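Student:
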Amino acid sequence: MEVHTLYHDGEETLPVFSHAEEAEMFLRLGQAGDEWRVTEIRAGGLISVLYGPCACVKEVALDPLPEMVARGTVGLVTFARDRFMDHLASARRRSRSSGPDRARSS
39 MEVHTLYHDG EETLPVFSHA EEAEMFLRLG QAGDEWRVTE IRAGGLISVL
89 YGPCACVKEV ALDPLPEMVA RGTVGLVTFA RDRFMDHLAS ARRRSRSSGP
139 DRARSS
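Every position in the sequence shown, counted from 1, becomes a number in the working numbering once 38 is added.
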């Protein structure tokens, strides 16, 4: 799997988007080319990507705009890879522990 990354302050950065439409707009406006496609994945899949094909990525940019990359302001929406993965893992644990069977308490 090949993953589209960008560079911020010399560090390889993975852009992550909340919605497929935002990712498609990023590719279209950033003129990334026709070879790139948007793939929707859940938190567990994103963690796998960050441990697998994107193990060298140092940062994650949340919903970046192409002009942020061009102007060098993408750091405003960037998190360290490890911090982002910790957040994803803890969010997954919280959602599992508050599942339908545990949502009701007496």
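All C-beta atoms in this analysis are idealised placements derived from N, C-alpha and C, irrespective of residue type, glycine included.
A quick note: this is a predicted structure, and the numbers were derived from the prediction, not measured.
Decide if R119 is buried, meaning its Cβ has at least 16 other Cβ atoms within 10 Å, or exposed.
Tutor: Position 81 of the sequence shown, counting from 1, holds the residue named residue 119. Buried, since its Cβ has 16 or more Cβ neighbours within 10 Å.
Student: Please list, in chain order, all residues of the same chain as V112 whose beta carbon is under 6 Å from its beta carbon, the five residues on each side excluded.
Tutor: Residue mapping note: residue 112 aligns to position 74 of the sequence shown, counting from 1. Here the set comprises H46, A99, P102 and M106.
Student: Find out if the Cβ-Cβ distance for the pair L126, I85 is shorter than 8 Å.
Tutor: Sequence index remark: in the sequence shown, residue 126 carries index 88 (1-based). Sequence index remark: in the sequence shown, residue 85 carries index 47 (1-based). Against a cut-off of 8 Å, the Cβ pair of I85 and L126 comes out as a contact.
Student: Within 10 angstroms of its Cβ, does S143 collect 16 or more other Cβ (buried), or is it exposed?
Tutor: Along the sequence shown, one-based indexing puts residue 143 at 105. The predicted model places S143 with a pLDDT of 43, which falls under 50 and marks its position as unreliable; any figure quoted below should be read in that light. With fewer than 16 Cβ atoms within 10 Å of its Cβ, S143 is classed as exposed.
Student: By DSSP, does F55 sit in helix, in strand, or in coil?
Tutor: Position 17 of the sequence shown, counted from the start, is the residue given in the question as residue 55. In the structure shown, F55 sits in coil (DSSP, three-state: anything other than H, G, I, E or B).
Student: Would you list the residues sitting across from E50 in a DSSP beta bridge?
Tutor: The count along the sequence shown starts at 1 and reaches residue 50 at position 12. For E50, which the question treats as bridged, DSSP gives the partners Y45.
Student: Please state whether the Cβ-Cβ distance between E62 and V41 is less than 8 Å.
Tutor: Counting from 1 along the sequence shown, the entry for residue 62 is found at position 24. Counting from 1 along the sequence shown, the entry for residue 41 is found at position 3. The answer is no: Cβ separation not under 8 Å.
Student: Can you tell me the Cα-Cα spacing of F117 and R130, whole angstroms?
Tutor: Position 79 of the sequence shown holds residue 117. Position 92 of the sequence shown holds residue 130. Cα to Cα, the separation comes out at about 18 Å.
Student: Tell whether a beta-carbon distance below 8 Å holds between E50 and V95.
Tutor: Here the question's residue 50 lines up with position 12 in the sequence shown. Here the question's residue 95 lines up with position 57 in the sequence shown. Going by C-beta atoms, E50 is nearer than 8 Å to V95.
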